[in-house]
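Numbering of the sequence shown is given in this note's numbering, commencing with residue 131 and proceeding in unit increments.
Note that beta-carbon positions come from the ideal geometry of N, C-alpha and C, so glycine has one too.
Predicted model only: the values in this text are computed from it and were never measured.
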Amino acid sequence: MVLIYNTLSGKKEEFNPIEKNKIRMYVCGPTVYGPAHLGHARTYVAFDIIRRYLEFRGYAINFVVNITDIHDDIIKRANELNINFLELTEKFTENYFQNMKSLKIKDASIYPKVTDNIPEIIKIVKTLKDRGYAYETEDGVYFNVAKMADYGKLSHIKISKQKTGTRVETDKYEKEEARDFALWKKQKPGEPSWDSPFGKGRPGWHIECSALSTKHLGTQIDIHGGARDLIFPHHENEIAQSECRFGKKPFVRYWLHSGFLTVAGQKMSKSLGNYIIIEDLLREYSAEEFRFFIAQSHYRSPINFSKEEMKKSRNSLSRLNEFIQRLLDVQKAGELTVKKDVDLARKNFVKEMDYDFNLPKAWVHLFKLESIINKRISEEKFTKEDSDYAIQFFKDVDSFLQVFLFEKKLFELSAEEKAFVDKRNELRAQKKWAEADVIRQELLKKGIELTDTKEGTKWKRI
Numbered sequence: 131m132v133l134i135y136n137t138l139s140g141k142k143e144e145f146n147p148i149e150k151n152k153i154r155m156y157v158c159g160p161t162v163y164g165p166a167h168l169g170h171a172r173t174y175v176a177f178d179i180i181r182r183y184l185e186f187r188g189y190a191i192n193f194v195v196n197i198t199d200i201h202d203d204i205i206k207r208a209n210e211l212n213i214n215f216l217e218l219t220e221k222f223t224e225n226y227f228q229n230m231k232s233l234k235i236k237d238a239s240i241y242p243k244v245t246d247n248i249p250e251i252i253k254i255v256k257t258l259k260d261r262g263y264a265y266e267t268e269d270g271v272y273f274n275v276a277k278m279a280d281y282g283k284l285s286h287i288k289i290s291k292q293k294t295g296t297r298v299e300t301d302k303y304e305k306e307e308a309r310d311f312a313l314w315k316k317q318k319p320g321e322p323s324w325d326s327p328f329g330k331g332r333p334g335w336h337i338e339c340s341a342l343s344t345k346h347l348g349t350q351i352d353i354h355g356g357a358r359d360l361i362f363p364h365h366e367n368e369i370a371q372s373e374c375r376f377g378k379k380p381f382v383r384y385w386l387h388s389g390f391l392t393v394a395g396q397k398m399s400k401s402l403g404n405y406i407i408i409e410d411l412l413r414e415y416s417a418e419e420f421r422f423f424i425a426q427s428h429y430r431s432p433i434n435f436s437k438e439e440m441k442k443s444r445n446s447l448s449r450l451n452e453f454i455q456r457l458l459d460v461q462k463a464g465e466l467t468v469k470k471d472v473d474l475a476r477k478n479f480v481k482e483m484d485y486d487f488n489l490p491k492a493w494v495h496l497f498k499l500e501s502i503i504n505k506r507i508s509e510e511k512f513t514k515e516d517s518d519y520a521i522q523f524f525k526d527v528d529s530f531l532q533v534f535l536f537e538k539k540l541f542e543l544s545a546e547e548k549a550f551v552d553k554r555n556e557l558r559a560q561k562k563w564a565e566a567d568v569i570r571q572e573l574l575k576k577g578i579e580l581t582d583t584k585e586g587t588k589w590k591r592i
């Protein structure tokens with residue numbers, strides 16, 4: 131049984147999809163007017179792990195991620211650069227796809243663009259207006275929040291009725307209330323536009339997700355995900371317009387939101403100089419190291435990115451990959467003796483993941499298994515059969531984490547590096563400690579750390 135924390139109810143609920151063993155899942159995609167950044171990486175890696183884990187548990191998932199390619203910020207940036215907005219969005223849509231691939235994020239089933247689905251959006255806006263849930267003004271069409279009795283149920287925010295003006299003949303084109311939101315924005319000079327029953331214009335931000343999720347997943351979906359800062363107003367408004375358009379049944383059964391990300395304890399901002407784009411991130415760290423960093427925290431928890439935290443994650447991941455290499459080195463034939471320990475680790479790992487994807491607690495069982503196996507290897511009580519069985523468990527875990535390295539050649543030293551290690555060992559055998567330490571320091575500069583143990587000299591890349 132999988133339990134998922136539902137933002138709507140504020141508690142963990144048993145997961146029961148609309149269709150048995152099938153999941154309709156939608157995650158809010160990027161607004162493509164600049165390079166994908168660290169915040170995108172945090173959110174999409176977290177939901178990639180969730181999506182992959184549910185697939186590991188046997189669900190077939192129709193996974194939709196939208197591309198917002200028309201928006202106030204897009205128009206502003208295109209005008210600043212004096213280029214067509216499509217030139218801007220095409221560039222950064224490709225940037226987004228390349229970065230997701232670099233982070234080993236599995237492709238969505240489909241990436242619908244807003245500009246490819248304007249007729250679907252107009253149809254929903256028209257229906258909401260015809261049914262009295264929306265009204266038209268001089269500058270657009272607005273959703274009338276007062277018509278939604280339980281508006282605020284996702285964010286649990288009580289919004290007072292703040293008037294922007296008295297509704298009299300002289301100001302009849304103003305919004306009726308401050309909380310009302312735009313479904314359609316009528317064209318202003320220099321803006322791209324599409325024909326509609328309400329005049330030339332473009333969609334408001336929130337309406338796109340209702341239209342795109344409905345088109346590709348139906349009028350009710352199982353899981354809707356996104357970053358925590360989308361709960362209000364974006365996801366709140368999605369609920370309002372979708373449930374008023376398609377009926378009072380819940381638009382989404384389970385709302386999932388990833389926690390905030392800070393950089394060195396502060397909100398990421400260009401003005402603070404801590405704004406990190408994904409290309410820069412991956413120049414310093416591997417995709418596996420960043421995914422492992424994300425996987426150390428619960429997806430709903432805040433996470434702080436810093437060089438110190440990344441160093442800790444890098445070292446922990448290196449430890450596990452060195453352990454996998456140790457398993458690959460085992461060649462002693464014999465009976466399978468570790469099955470009970472691996473099966474227990476698997477059972478407990480899955481149990482924690484089934485409890486709202488609780489990776490921090492799941493890791494405990496993996497590291498415990500590592501300790502047990504290391505002891506058996508040291509005691510020479512570990513066989514090739516044991517190794518194969520344990521490696522399969524790590525491969526199953528990696529089917530959703532995407533962090534481990536299983537190819538032995540990835541851990542081998544070059545002939546030159548090995549010669550340095552052998553020369554150092556000769557010097558140590560001759561008790562020429564100072565000369566041996568010079569070689570050790572040279573290898574350290576090359577990113578190879580040596581550790582002397584009773585079993586011989588061990589090494590790792592750092």
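- The C-alpha of L347 lies about 17 Å from the C-alpha of P249.
- Straight-line spacing of the CA atoms in G331 and K316 works out to 4 Å.
- For I134, the enclosing beta strand (DSSP E) starts and ends at 133–136.
- Counting every other CB atom within 10 Å of its CB across the protein chains shown gives N136 a total of 16 or more, marking it as buried.
- If you look at R383, you'll find it isn't in any alpha helix (DSSP H); it sits in the beta strand (DSSP E) that goes 382–388.
- The C-beta separation of A357 from S388 comes to about 5 Å, placing the pair in contact by the 8 Å criterion.
- Going by DSSP, Y519 is part of the alpha helix (DSSP H) stretching over 514–531.
- If you draw a straight line from the Cα of F328 to the Cα of T257, it is about 12 Å long.
- Between the alpha carbons of D246 and I289 lies a distance of about 34 Å.
- Between A520 and I507 a beta carbon distance of about 10 Å is seen, past the 8 Å cut, so the two are scored as non-contacting.
- Within the segment 240–294, complete beta strand (DSSP E) segments of at least 3 residues are found at 264–266, 270–273, given in chain order.
- Counting of Cβ neighbours within 10 angstroms places V194 among the buried residues, the total reaching 16 or more.
- Around the C-beta of A425, 16 or more other C-beta atoms lie within 10 Å, and the residue is accordingly described as buried.
- Beyond the five residues adjoining it in sequence on each side, A492 comes within less than 6 Å, by CB distance, of F479, E482, M483 in the same chain, given in chain order.
- W335 and I254 have their C-alpha atoms spaced approximately 14 Å apart.
- Excluding the 5 residues flanking it on each side, E266 has same chain C-beta neighbours closer than 7 Å at K259, F328, in chain order.
- The criterion of a C-beta distance shorter than 9 Å is satisfied by L457 and F524.
- Here the C-alpha atom of Y384 lies approximately 12 Å from the C-alpha atom of V157.
- In the assembly as shown, Q396 is an exposed residue. Its beta-carbon has fewer than 16 other beta-carbons within 10 Å.
- Residue range 351–357 is occupied by the beta strand (DSSP E) that includes H354.
- Two segments are said to touch when three or more pairs of C-beta atoms, one from each, lie closer than 8 Å; by this definition the segment 184–192 does not touch the segment 222–232.
- For the pair E373 and H354, the CB atoms are not nearer than the 9 Å cut-off.
- Under a 10 Å Cβ-count criterion, I179 is classified as buried, with 16 or more other Cβ atoms of the shown protein chains found around its own Cβ.
- A Cβ-Cβ separation of about 10 Å leaves I407 out of contact with M398 under the 8 Å criterion.
- Close CB contacts of K469 within its chain, under the 7 Å cut and outside five residues either way in sequence, are with Y519 (chain order).
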